[in-house]
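In this note's numbering, the protein residues as written are 34 to 208.
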């Protein structure tokens with residue numbers, strides 16, 4: 034468990050704690066995930082992408098996500114970490130091992146979310162740093178992250194972190 038001191042001009046966050054997620058964190062994780070996905074649904078994601086990834090905002094979505102969350106917590110190739118300020122979960126990162134096309138082992142930051150009220154104070158960067166620590170323990174030297182190209186804020190952050198655009202992904206549904 035690491036504690037980071039965060040100070041911001043308008044807000045003052047004394048401590049940011051980052052730790053592995055627990056099953057008891059699901060409700061907070063789900064609320065952040067929902068905040069992130071609703072933004073994607075309305076601002077970025079196409080209908081096809083929502084279909085492909087099984088994103089349905091219906092009464093069963095929460096149960097589907099909880100099953101995946103519990104399964105992922107047990108998987109050695111997945112790490113979901115949460116960031117807490119004053120014992121409140123304000124962000125999470127979902128990192129995974131991934132086999133690349135070569136003999137190199139890679140990783141992916143599948144999801145990274147910070148509550149809107151806590152953005153612009155380094156929470157995402159600290160979550161990324163913990164994700165990188167986990168990748169290094171897994172002997173991973175390449176990390177990728179996906180984002181919607183319409184999400185210019187995410188693009189700016191990821192470029193500042195040293196990520197480079199590698200390729201553009203497109204999607205279609207076969208008829």
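All residues carry an ideal CB built from backbone N, CA and C; glycine is no exception.
Buried versus exposed, by CB contacts within 10 Å (16 or more), residue 203: exposed
For residue 100, three-class secondary structure by DSSP: helix
With 16 other Cβ atoms within 10 Å as the buried cut-off, status of residue 70: buried
Own chain, CB closer than 6 angstroms to residue 116, minus 5 neighbours either side, in chain order: 49, 51, 123, 124, 156 and 160
Limits of the beta strand (DSSP E) - the one that residue 114 falls within: 111-118
Spatial neighbours of residue 56 in its chain, beta-carbon cut-off 7 angstroms, leaving aside the 5 residues before and after: 103 and 106
For residue 143: DSSP bridge partner residues: Residue 143 is not bridged to any residue.
Straight-line Cα distance separating residue 146 from residue 118: 14 angstroms
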